[in-house]
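When we follow our numbering, the leftmost residue of the first sequence carries the number -4, and every step to the right adds one.
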Amino acid sequence: MTSRVRFAPSPTGYLHVGSARTALFNWLHARSVGGTFVLRIEDTDAERNRTDLTDSLLAELDWLGLDWDEGPYFQSERRDRHREVAEDLLERGLAYLCDADNREVGGSALVDGLAVRFRMPAGATMDFDDVVRGKVSFATDDLEDFVIWRSNGSPVFLLANAVDDADMGITHAIRGEDLLSGVPKVLLLLDAIGAPRPTYAHLPLLVNEQRKKLSKRRDDVSIGDYRARGYLAEAMVNYLALLGWGPPDDVEVRPLDEIVELFRIEDVNKAAAFFDLKKLEHVNATHLRALSKPDFMERVTPWVGADAPWPTDRFDPGRFSTMVDLVQEKLRTLGDTPRFVDFLFLDEPVDDPDSWEKAMVKGPSAAAMLDGTAVALADCPWETEAILAAVSAVGESLGLKLGKAQASVRVAVTGRTVGPPLFETMAKCMERDEVLRRIARARARL
RNA sequence: GCCCCCAUCGUCCAGCGGCCUAGGACGCCGGCCUUUCACGCCGGUAACACGGGUUCGAAUCCCGUUGGGGGUACCA
């Protein structure tokens, strides 16, 4: 039988990293075994759902590259089927009507304003074999009757989820461990309606530094936010795959298709994983460096457009393109790009107090360096090597190695102590007059 | 409280009875390279929670303890 999995988010917020990881593992399993990936929106709780959130959910999945084969199905459109099952269970006495105080009310047909609870059998044991956890067992005596149909006429998650999985022929339910304790109830429902039980795989939770389940309120978990900060989809997905799973050959940073090749749901481990931003950055930087020039240029566009920290009309695509060759390898996210090139498109170098303090105030012989450089650069050939030689010579005359010597010149021209290769930047992207003007301006400020 | 789950370096992953004086990655700390930063390279730091078993032999199996987490809604 071919494997069918589903990602079934409820549109109550933006897609967050935990859900994305669940979606990814379902997708990976489907793609690695040639199965079908179904997308189902679990919008049974009308009060908390918003359609615009559904749209953003789909957009984020699309961005991540997690394409689905079926759906999206909307649980809200299956209300009649859910009602049918609730009525059936009620008629068969497996469930009963109850009022707002959870008191049983007689009757074997749905009644407006009354909820329906499933009757928990006594003395039974519900056990199943979880792909990642192994044998798991619950005693029904520890569980209580549970609501399957609300008094407002809508199905509860447990019922809708069980019925939909059964109707959609889901063979593997891959989801977060927070849903583990709900399994016995779902099993009871499945057994009651005579549907086969899917195979379960409960993924370890993603946790924060306090080791608590990642939460929208406390933690930085929106996939959209990461995208906006300049993380690449392939890096996000690559990093997420590393949480709870590891490639057999220890090669961690790699393309998705290779991960599909290597992934096996049974290799997923059980312990909760900390979402480590530092490692995400590393993975991102590695993917970013591997981008071809055209690809990089296309992806960085949003960061150098209207929202960039310089007047749009001063942006020069040609110079920027040249700069990309010099700075791409230094970036950790696309969002880092502006601060490596902004000085080119601003009227004056950036004003960074720390840099000024470090190079101009505390640094050695800043005044002499600037004076000497101004003279040396006034008539040297405007080429990288010549500029390097000129600045180097000025430094030497002051007993400074190039590393120290270039600091004040760098801050005078760019505003910062850190940035792209200075002489190449000047030669290829700046006019001699502008460089000299900035050096003079800095000198005057000393 | 009750139920369930988990437990290897700070973090992620490897290890699935002998190959382990425990391996890789991120981070961190040195060094090299170097016009800053970064990249790259070299080196270092650092873990099998504890206690009992089982076994010739345990990080690996079993039990307990401790610690952590999840669930316990007419949320999903």
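Think of the CB as a built atom: it goes at the ideal place given N, C-alpha and C, for glycine as much as any other residue.
| task | Determine the direct distance from the alpha carbon of ASN156 to that of ALA452, and round the result to whole angstroms. | result | Here the chain comprises residues numbered -4 to 441, so residue 452 is not present and cannot be evaluated.
| request: Count the other C-beta atoms from every protein chain shown that fall within 10 angstroms of the C-beta of GLU324, then say buried if there are 16 or more, exposed otherwise. | output: exposed
| request: Alpha carbon to alpha carbon, how far is THR194 from ASN147? Give it in angstroms, no decimals. | output: 32 Å
| task | Just grab the DSSP bridge partners of LYS208 for me. | result | VAL202
| said: Check whether the region 151 to 169 and the region -3 to 16 touch, using three or more Cβ-Cβ pairs below 8 Å as the test. | reply: yes
| message | With DSSP as the reference, identify every bridge partner of GLY129, one or two as the case may be. | response | ASP125
| task | With a threshold of 16 other CB atoms inside 10 Å of the CB of SER350, please say whether the residue is buried or exposed. | result | buried
| Minimum length 4: unbroken alpha helix (DSSP H) runs contained in the region 58 to 106 | If one requires a minimum length of 4 residues, the alpha helix (DSSP H) runs lying completely within the region 58 to 106 are 74 to 86, in chain order.
| query | Is the region 325 to 337 in contact with the region 292 to 310, if contact means three or more CB pairs nearer than 8 Å? | reply | yes
| task | Look at the alpha carbon of THR409 and the alpha carbon of CYS375, and state the distance between them as a whole number of angstroms. | result | 20 Å
| task | Pick out the complete alpha helix (DSSP H) segments inside the region 303 to 341, 4 residues or longer, and give them in chain order. | result | 312 to 322 and 333 to 340
| task | Measure the beta-carbon distance from LYS361 to ALA354 and round it to whole angstroms, keeping in mind my assumption that it falls under 8 Å. | result | The question names Lys, but residue 361 in the sequence shown is Ala. 7 Å between Cβ atoms; contact.
| field | Element boundaries [beta strand (DSSP E), containing HIS167] | value | 167 to 171
| message | Just to check my reading of the structure: PRO333 and VAL299 have Cβ atoms closer than 8 Å, yes? What is that Cβ distance to the nearest angstrom? | response | 7 Å
| Do you know how far the Cα of SER316 is from the Cα of TYR226? | 20 Å
| message | Tell me the DSSP secondary structure of ALA437 in three-state form. | response | helix
| query | If you follow the alpha helix (DSSP H) that TRP351 is part of, which residue opens it and which one closes it? | reply | For TRP351, the uninterrupted alpha helix (DSSP H) segment begins and ends at 348 to 351.
| query | Can the beta-carbon of LEU10 be found less than 8 Å from the beta-carbon of GLU55? | reply | Contact: yes.
| field | PRO150 in three-state terms, based on DSSP | value | Strand.
| What first and last residue would you give for the beta strand (DSSP E) that runs through VAL33? | 31 to 36
| said: Just to confirm before moving on: does the CB-CB distance between MET445 and LEU182 stay below 8 Å? | reply: No information on residue 445 is available, as it lies outside the stretch -4 to 441 that the chain covers here.
| message | Applying the 10 Å Cβ sphere with the 16-neighbour rule, what's the burial state of GLU37? | response | buried
| What is the rounded straight-line gap between the Cα of LEU185 and the Cα of ALA81? | 12 Å
| Per-residue burial, LEU283 [other beta carbons within 10 Å of its own, 16 or more giving buried] | buried
| said: Are the CB atoms of PRO67 and LEU89 within a distance shorter than 8 Å? | reply: no
| Which runs of the beta strand (DSSP E) spanning at least 3 residues fall entirely within the region 231 to 292, listed in chain order? | none
| query | What is the rounded straight-line gap between the Cα of ARG145 and the Cα of LEU174? | reply | 20 Å
| said: Among the candidates HIS24, LYS273, VAL12 and GLU391, whose CA atom is the shortest distance from the CA of GLU261? | reply: HIS24
| message | Which residue wins for smallest C-alpha separation from ALA268, given the options ARG213, ASP220, ARG206 and ALA223? | response | ARG206
| message | Given this structure, state the Cα-to-Cα distance separating PRO250 from GLU229, to the nearest angstrom. | response | If I take the Cα positions, the gap works out to 7 Å.
| field | Backbone secondary structure at ARG112 - three-state DSSP | value | strand
| request: Please confirm whether ALA400 and GLY390 have their CB atoms less than 8 Å apart. | output: Taking 8 Å as the cut-off, the beta carbon of ALA400 is found closer than this to the beta carbon of GLY390.
| Under 8 Å between C-beta atoms of LYS274 and TYR234 | Less than 8 Å divides the Cβ of LYS274 from the Cβ of TYR234.
| task | Have a look at the DSSP bridge pairing and note the partners of THR(-3). | result | According to DSSP, THR(-3) bridges with nothing at all.
| When the Cα of ASP62 is compared with those of GLN70, PHE69 and LEU53, which residue comes out closest? | LEU53
| field | At least three beta-carbon pairs within less than 8 Å, the region 95 to 105 to the region 164 to 173 | value | Counting Cβ pairs under 8 Å, fewer than three are found: no touch.
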